[in-house]
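**Q**
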Amino acid sequence: MVKKIRVGVVFGGRSGEHEVSLLSATSVMRALDRSKYDIIPIGISREGRWLTDGDPMDELQRLVSGREEPSLAPRQAQQNRAVAAVGVDRRELVPGVREGVPGIDVLFPVLHGPYGEDGTVQGLLELANIPYVGSGVLGSALAMDKAAMKAVFSAAGFPTAASLLVRRWEWQQASDQVRRSVKERIGYPCFVKPVNLGSSVGVSKVHDEDELGGALELAARYDRRLLVEQAINAREIECSVLGNDQPMASLPGEVIPKREFYDYQAKYLDDDTELIVPADLPAATVSTIQDLAVRAFLALDCAGMARADFFVDRVTGLVYINELNTIPGFTAVSMYPRMWEASGLPYPELLDRLIQLAFDRHDERSRMSTSNR
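My numbering applies: residue 8 is where the sequence shown begins, and numbers increase by one.
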């Protein structure tokens, strides 16, 4: 009898995307083939407490809904159990090497935003020598930090919308200068975003200078660094990337929100946002998007998966790359799995591929020398 692979699915977390993570993780755990995998749910509360006993998903959902306080053990005990769950020697966890060892063969982080998608959890797993799905520390950190990501894209010569980095203290202490810079370098309309966050949390579309202050104040609730970005009259196109050193891109899809832009409400709450997969685009534009998606994935040193987001100018047809998300949404209607489905890779098989890529990357890193002797 073949031993099942023990997959730890981590969800929740301390970011503003906590609820989205619960939705994504629920879909992942439902889609994983139970004949191949034993699933170990691991929850992280908003306060950073790790939940490994009982039903962590139910505990966190009760907390989110306000129905009941979760029955949490003292913080240190929770953290000790979480570390024990992943901190077992990898040699004891390889399927078939040793039977009956409590532990995890591979971890699947479904943590959106800071403290999960930004390299923090990935660093913990590197130290624990545990295979995990998705990008490593560098790729995760670069893709999470919109300013650093744009700097990499600019250095690589990728077409991107003009942007301006504003630090919270600059807005608080020199607001007139910030207003001048936005007017001269970006113009209106524009978007204001927290640098380190996703799911459009804290994002505003600013139509004129009167709206700039409120947008910066909102973004500053979530980060000390804020990005002001040119608004392009464009179609919003997305493309999924899968692989490690030789990634491939899916057919692209198009997002058509009924709201003014694809904000949190449109992504997760509205029923009338249109998600068109595959997108109705000229073959040459599809090829450009797929090529840019793969090159951006490699430029950021991503691994496993990423969703690349683009703008296609409605007038000129020019393609601009906006950002990469290294842990994209995995709900039943999320674009990342839907685009692979349209490209011939069903959701359960996609998860199989991601888990295998995690093992491949870990095995490759394990062959690297860590000594000069």
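We put the CB at the ideal spot given by N, CA and C, even for glycine.
A quick note: this is a predicted structure, and the numbers were derived from the prediction, not measured.
On a Cα-Cα basis, can you pick out the residue from 285, 192 and 137 that is closest to residue 110?
**A** Stepping through the sequence shown from its first residue, residue 110 is reached at position 103. Cα-wise, what sits closest to residue 110 is 137.
**Q** Hey, would you say residue 314 sits closer than 7 Å to residue 247, going by beta carbons?
**A** Translated into positions along the sequence shown, residue 314 becomes position 307. Translated into positions along the sequence shown, residue 247 becomes position 240. Cβ atoms of residue 314 and residue 247: closer than 7 Å.
**Q** When you compare only the Cα positions, how much space is there between residue 370 and residue 359?
**A** As a first step, residue 370 must be located in the sequence shown, where it is residue number 363. As a first step, residue 359 must be located in the sequence shown, where it is residue number 352. Going from the Cα of residue 370 to the Cα of residue 359 covers about 17 Å.
**Q** Distance, Cα to Cα, residue 170 vs residue 9?
**A** Translated into positions along the sequence shown, residue 170 becomes position 163. Translated into positions along the sequence shown, residue 9 becomes position 2. Whole-angstrom Cα-Cα distance: 53 Å.
**Q** I'd like the span of the alpha helix (DSSP H) that includes residue 354, first residue to last.
**A** Here residue 354 refers to the residue found at position 347 of the sequence shown. Looking at the DSSP string, the run of the alpha helix (DSSP H) that includes residue 354 is 354-373.
**Q** Thinking just about the alpha-carbon of each residue, which of 297, 362 and 326 is nearest to the one in residue 350?
**A** Within the sequence shown, residue 350 is the residue found at index 343, counting from 1. The candidate whose alpha carbon is nearest that of residue 350 is 297.
**Q** Tell me where the alpha helix (DSSP H) around residue 48 begins and ends.
**A** The sequence position of residue 48 within the sequence shown is 41, counting from 1. Residue 48 -> not in any alpha helix (DSSP H); beta strand (DSSP E) instead, spanning 44-51.
**Q** Please confirm whether residue 35 and residue 159 have their CB atoms less than 7 Å apart.
**A** Counted from its first residue, the sequence shown places residue 35 at position 28. Counted from its first residue, the sequence shown places residue 159 at position 152. Contact flag unset, no.
**Q** Does the Cβ of residue 152 have 16 or more other Cβ atoms within 10 Å, making it buried, or fewer, making it exposed?
**A** For the purposes of this step, residue 152 is taken as the residue at position 145 of the sequence shown. Of the residues assessed, residue 152 falls on the buried side of the cut-off, its CB having 16 or more other CB atoms within 10 angstroms.
**Q** I'd like the list of long-range same chain contacts for residue 188, defined as Cβ closer than 7 Å, with 5 residues on each side in sequence excluded.
**A** The count along the sequence shown starts at 1 and reaches residue 188 at position 181. Scanning its chain for C-beta atoms nearer than 7 Å, with the 5 sequence neighbours on each side dropped, one finds around residue 188 the residues 171, in chain order.
**Q** Looking at C-alpha atoms only, which residue of 238, 140 and 39 is the closest neighbour of residue 2?
**A** As shown, the chain starts at 8 and ends at 380. That puts residue 2 outside it, with no answer to give.
**Q** Hey, residue 223 and residue 176: beta-carbon distance below 7 Å or not?
**A** Here residue 223 refers to the residue found at position 216 of the sequence shown. Here residue 176 refers to the residue found at position 169 of the sequence shown. Against a cut-off of 7 Å, the Cβ pair of residue 176 and residue 223 comes out as no contact.
**Q** Run through DSSP, which three-state label would residue 307 get?
**A** Residue mapping note: residue 307 aligns to position 300 of the sequence shown, counting from 1. Looking at residue 307 - three-state DSSP - the assignment turns out to be coil, as it is neither helix nor strand.
**Q** Here's the rule I'm using: 16 or more other beta-carbon atoms within 10 Å means buried, otherwise exposed. How should residue 265 be labelled?
**A** Counting from one through the sequence shown, the residue named residue 265 turns up at place 258. Looking at its Cβ environment, which holds fewer than 16 other Cβ atoms inside 10 Å, residue 265 is exposed.
**Q** Pick helix, strand or coil for residue 257, following the three-state DSSP scheme.
**A** Position 250 of the sequence shown, counted from the first residue, corresponds to residue 257. Note: residue 257 maps to coil in three-state DSSP.
**Q** Is the separation between the beta-carbon of residue 336 and that of residue 42 shorter than 7 Å?
**A** As a working note, residue 336 is residue 329 in the sequence shown. As a working note, residue 42 is residue 35 in the sequence shown. Not a contact, by the Cβ cut-off of 7 Å.
**Q** Work out the CA separation of residue 213 and residue 4 for me, nearest whole Å.
**A** In the structure displayed, the chain extends from 8 to 380; residue 4 sits before or after that span and is not available.
**Q** Can you round the beta-carbon distance between residue 142 and residue 333 to whole angstroms, since I take them to be within the 8 Å contact cut?
**A** In the sequence shown, counting from the first residue as 1, residue 142 sits at position 135. In the sequence shown, counting from the first residue as 1, residue 333 sits at position 326. Separation of the CB atoms of residue 142 and residue 333 is rounded to 4 Å, and the pair is thereby assigned contact status at 8 Å.
**Q** What span of residues does the alpha helix (DSSP H) with residue 190 cover, start to end?
**A** The residue given as residue 190 occupies position 183 in the sequence shown. Start and end: 182-192.
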